[in-house]
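Q: Quick one: the structure is below, questions incoming.
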Amino acid sequence: MSAMPEGCALAFDFGERRIGVAVGDTILGIPHPLATIDTAVTDERFAAIAKLIEEWQPRQLVVGLPMHPDGEEHALSALSRRFANRLKGRFGLPVWLVDERYTSVIAEQLLEEAGVKKGRKQKPALDQVAAQAILAGWFEQPGTAV
Numbered sequence: 001m002s003a004m005p006e007g008c009a010l011a012f013d014f015g016e017r018r019i020g021v022a023v024g025d026t027i028l029g030i031p032h033p034l035a036t037i038d039t040a041v042t043d044e045r046f047a048a049i050a051k052l053i054e055e056w057q058p059r060q061l062v063v064g065l066p067m068h069p070d071g072e073e074h075a076l077s078a079l080s081r082r083f084a085n086r087l088k089g090r091f092g093l094p095v096w097l098v099d100e101r102y103t104s105v106i107a108e109q110l111l112e113e114a115g116v117k118k119g120r121k122q123k124p125a126l127d128q129v130a131a132q133a134i135l136a137g138w139f140e141q142p143g144t145a146v
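Next comes the structure, spelled out in structure tokens:
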């Protein structure tokens with residue numbers, strides 16, 4: 001396993017329709033929700049990601065890897081791996097895969113504690129906060145480099 005580079009990291013909660021994005025710095029180890037990319041069009045997704053990379057200048061990217069509670073890969077696991085490989089190929093940055101079990105549950109709890117009720121308002125925030133939980137997990141245990 002490679003050493004975690006110091007500096008900014010962007011994390012992604014990959015979905016077929018929406019991608020939640022969070023940002024954080026390895027020195028502080030505090031992730032923050034950043035954006036939700038809401039499109040299924042690949043070129044639009046990567047254009048939005050390119051803008052975030054240009055703005056935040058991350059040293060590494062982190063992608064959540066969906067897993068079942070028993071540790072078996074999820075139906076979205078292969079798509080998340082493909083997404084991680086595409087990020088690495090397009091942007092030339094180190095990309096890490098992190099087990100994202102329970103991040104959506106954590107995100108829902110955090111939003112409820114913040115007073116954001118389930119429904120239309122919660123959906124876009126949920127993806128960002130799930131990405132925040134993925135990044136928090138990566139700060140604790142970096143996972144696997146792609």
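Position one of the sequence shown corresponds to residue 1 (full-length UniProt numbering), numbered consecutively onward. For glycine and all other residues, C-beta sits at the position ideal for the given N, C-alpha and C. Please read these numbers as outputs of a predicted model, since none were measured by experiment.
1. Name the DSSP bridge partner or partners of residue 12?
2. Using CA atoms only, rank isn't needed, just tell me which of 54, 66, 118, 70 is closest to residue 90.
3. Evaluate residue 36 with the Cβ neighbour count: other Cβ atoms within 10 Å of its Cβ, from every protein chain shown; 16 or more gives buried, anything less gives exposed.
4. To the nearest angstrom, how far is the alpha carbon of residue 7 from that of residue 112?
5. Which first and last residues belong to the alpha helix (DSSP H) in which residue 43 is found?
6. So the candidates are 87, 65, 73, 100; which of them puts its Cα closest to the Cα of residue 59?
7. Would residue 95 pass as a contact of residue 64 if the rule is Cβ separation under 7 angstroms?
8. Is the Cβ-Cβ distance between residue 174 and residue 131 less than 7 angstroms?
A: By the coordinates alone:
1. According to DSSP, residue 12 bridges with 21, 63.
2. 54
3. buried
4. 30 angstroms
5. 42-56
6. 87
7. no
8. Any property of residue 174 remains undetermined from this structure, which presents the chain solely from 1 to 146.
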